[in-house]
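This report concerns only the one structure given below.
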Amino acid sequence: MESLTKILEPTKGNFELAANCVKDGGVIVTPSDTNLALTLNPWCEDSIDRVFKIKNRPATSPLTLFLLNPEEWQDYADVDDIGMIQTLVEAFWPGPLNIILRKKETVPSKMVCGGETIAMGCLSNPIWKGFMKQLKTPVAMTSANLSGKANGVLVDLKIVMKQIGHKVDYILDGEPQGTTKSSTIIDLSGNDPIITRYGDISLHQINKVLNF
Numbered sequence: 001m002e003s004l005t006k007i008l009e010p011t012k013g014n015f016e017l018a019a020n021c022v023k024d025g026g027v028i029v030t031p032s033d034t035n036l037a038l039t040l041n042p043w044c045e046d047s048i049d050r051v052f053k054i055k056n057r058p059a060t061s062p063l064t065l066f067l068l069n070p071e072e073w074q075d076y077a078d079v080d081d082i083g084m085i086q087t088l089v090e091a092f093w094p095g096p097l098n099i100i101l102r103k104k105e106t107v108p109s110k111m112v113c114g115g116e117t118i119a120m121g122c123l124s125n126p127i128w129k130g131f132m133k134q135l136k137t138p139v140a141m142t143s144a145n146l147s148g149k150a151n152g153v154l155v156d157l158k159i160v161m162k163q164i165g166h167k168v169d170y171i172l173d174g175e176p177q178g179t180t181k182s183s184t185i186i187d188l189s190g191n192d193p194i195i196t197r198y199g200d201i202s203l204h205q206i207n208k209v210l211n212f
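Counting from 1, position 86 in the sequence shown corresponds to residue 86 in UniProt numbering; the numbering is continuous, with no gaps.
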């Protein structure tokens, strides 16, 4: 196991250290509501390239944009009717639901691998929020493991240190928010809602909120 000196306790000073690292193009690991996640500046192309190399993942799978404030989604999504989206945002954000929407030009093209959609999330994890309040800008995130090497389990510190810990700048110490699976993902970029991954937020909960 790699030296633990890069693991940061969740203090204000360390939140600032981690935020400055990301601003400067670094790659860190932060807790989320689900997996420990590689976290980076989505407007820094070198950081995006580095994350794909860290994960040993082809640069064809888009990263997810995470927002500190739920209402920020409208800055990055191009939608005709905000009603259904806003209903889901008010019901489940912050929390383990990612929403796929058509993107605006404000979204960095490299982060979404040149695609026309953007996946967005908003987290409740207090350690992540402490870091984000220092950073003051959205981040790109993806689970902190080698591609295909943590299927069916949440990525914890043991997995991080074994698989990619030596390749990142810092690791913010923290745990998920009591979830048992990766986030639920719903695609609202087309004519009909499609759930592309099931997590702790169920189809029943979503249908109840949307009155389906």
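Glycine included, each C-beta is placed from N, C-alpha and C at the ideal position.
Problem - Met120 - partner residues in DSSP beta bridges - result: Answer is Leu65 and Ile99.
Exercise for the section: Whole angstroms is fine: what's the gap from Asp156's alpha carbon to Ile82's? Expected result: If I take the Cα positions, the gap works out to 35 Å.
Exercise for the section: For Gly95, count neighbouring C-beta atoms within 10 Å of its own C-beta (all shown protein chains included) and say buried if the count is 16 or more, exposed if not. Expected result: Gly95 should be labelled buried.
Practice task
Tell me whether Gly178 is buried or exposed, calling it buried when 16 or more other Cβ atoms sit within 10 Å of its Cβ.
Solution key: Here Gly178 is exposed: its Cβ has fewer than 16 other Cβ atoms, across all protein chains shown, within 10 Å.
Exercise for the section: Below 8 Å on the Cβ atoms is my guess for Met132 versus Leu63; work out the distance and round it to an integer in Å. Expected result: Contact doesn't hold; Cβ gap of about 16 Å is too wide.
Practice task
Quick one: grab the DSSP three-state call for Glu2.
Solution key: Because Glu2 carries a pLDDT of 48, less than 50, the predicted location of this residue cannot be relied on, and the following value inherits that uncertainty. The answer is coil: DSSP assigns Glu2 none of H, G, I, E or B.
Practice task
Return the Cβ separation of Trp73 and Val89 in integer angstroms, given the expectation that the two are a contact with Cβ distance under 8 Å.
Solution key: Right, their Cβ atoms sit about 6 Å apart.
Handout entry: Leu8 to Val107 span [Cα, whole Å]
Key = Their Cα atoms are separated by approximately 30 Å.
Handout entry: Validate contact between the region 163 to 176 and the region 16 to 36 using beta carbons, cut 8 Å, 3 pairs
Key = They touch, by the three-pair rule.
Practice task
Indicate whether Pro42 and Leu67 have their beta-carbon atoms separated by less than 8 Å.
Solution key: If you check the CB distance, Pro42 and Leu67 do not come in under 8 Å.
Practice task
Return the Cβ separation of Ile100 and Thr117 in integer angstroms, given the expectation that the two are a contact with Cβ distance under 8 Å.
Solution key: Rounded to the nearest angstrom, the Cβ distance from Ile100 to Thr117 is 5 Å, consistent with a contact under 8 Å.
Exercise for the section: Out of Tyr76, Ser202 and Trp93, point me to the one whose CA is closest to Asn125's CA. Expected result: Distance from the Cα of Asn125 is smallest, within the candidate group Tyr76, Ser202 and Trp93, for Trp93.
Problem - Exposure label - Lys103; buried when at least 16 CB within 10 Å - result: By the 10 Å Cβ count, Lys103 comes out buried.
Practice task
Along the beta strand (DSSP E) that carries Ile195, what are the first and last residues, could you check?
Solution key: Looking at the DSSP string, the run of the beta strand (DSSP E) that includes Ile195 is Ile194 to Arg197.
Practice task
In the DSSP assignment, find the beta strand (DSSP E) that holds Thr137 and state where it starts and stops.
Solution key: Taken as a continuous stretch (DSSP letters only), Thr137 belongs to no beta strand (DSSP E), as it is neither H nor E.
Problem - 7 Å Cβ shell around Gln163 - same chain, five flanking residues per side excluded - result: If the five residues before and after Gln163 are omitted, its C-beta is found closer than 7 Å to the C-beta atoms of Asn145, Leu146 and Lys149, all from its own chain and listed in chain order.
Handout entry: Bridge-paired residues (DSSP) for Thr184
Key = BP columns for Thr184 point to Leu97.
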